[in-house]
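Worksheet: one structure, shown below.
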Amino acid sequence: MKSKSGAIFLSGLIAGTLDILAAILIYAVILNKTSAIKILQSIASGVFHKEAYTGGSQMALYGLLLHYLIAFVFAWFYFAVYPYFSFLKKNVYRSGIIYGVFTWIVMNLVVLPVVFPVLPAKNFDFPLVLSILILIFCIGIPIALINKKHQLLRK
């Protein structure tokens with residue numbers, strides 16, 4: 034894809050889809066800890082607070098839209114900073130891993146504490162590692178790969 038905006042849109046769409054599917058597959062289907070609707074409502078609760086959990090499928094839709102908005106922002110940000118950081122250009126998989134970890138840091142140490150001032154303590158355990166791996170493989174690497182393909186097509 035030669036268009037930068039098209040590549041950003043595609044990477045946000047793919048990353049957002051992979052991330053939400055991973056969350057639903059792992060937490061709702063495999064671990065049976067919640068439902069897909071509750072996952073989406075919890076995303077919506079960042080804006081709508083407790084009302085998100087009583088709003089049914091409409092709030093789930095808002096959660097999905099918010100999820101994609103966040104994915105598009107992370108995709109746009111990667112494309113924006115890529116030209117200024119030479120280490121991102123050296124190895125696409127290393128860049129994707131770094132960006133996935135960066136995404137986890139931003140979401141869990143900046144965004145979530147601002148939106149939800151009272152959060153449970155984070156422990157270095159399997160759920161934390163799993164959440165980082167999801168962002169590496171569903172956000173970081175796909176965005177880095179699409180950006181790399183975009184850079185190659187521009188030449």
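In the numbering used here, each number is its position in the sequence shown, counted from 1, plus 33.
We put the CB at the ideal spot given by N, CA and C, even for glycine.
In this text the structure is predicted, and so the values were computed from the model without any measurement.
Proximity below 8 Å, CB of residue i to CB of residue j
i	j	result
A77	A69	no
F107	T136	yes
K35	R187	yes
S44	I176	yes
H183	A40	yes
G173	I103	no
I167	I47	no
A85	C171	no
G49	V148	no
I169	V134	yes
Exposure of residue i, with buried meaning 16 or more beta-carbon neighbours within 10 Å
i	result
Q74	buried
F118	exposed
I63	exposed
G89	exposed
Y111	buried
H100	buried
L190	Residue 190 is absent from the structure shown; the chain starts at 34 and stops at 188.
L185	exposed
Beta carbon proximity, residue i to chain B, threshold 8 Å
i	result
W109	Structure shown: chain B not included; a single protein chain is present.
Assumed close pair residue i, residue j - CB separation to whole angstroms, cut-off 8 Å
i	j	result
L152	L161	Actually they do not touch by this definition, with Cβ atoms about 13 Å apart.
K181	V125	5 Å
Y95	F81	7 Å
*Note down, one range per segment and in chain order, each alpha helix (DSSP H) of at least 4 residues found wholly within the stretch 54-114.*
69-81 and 89-114
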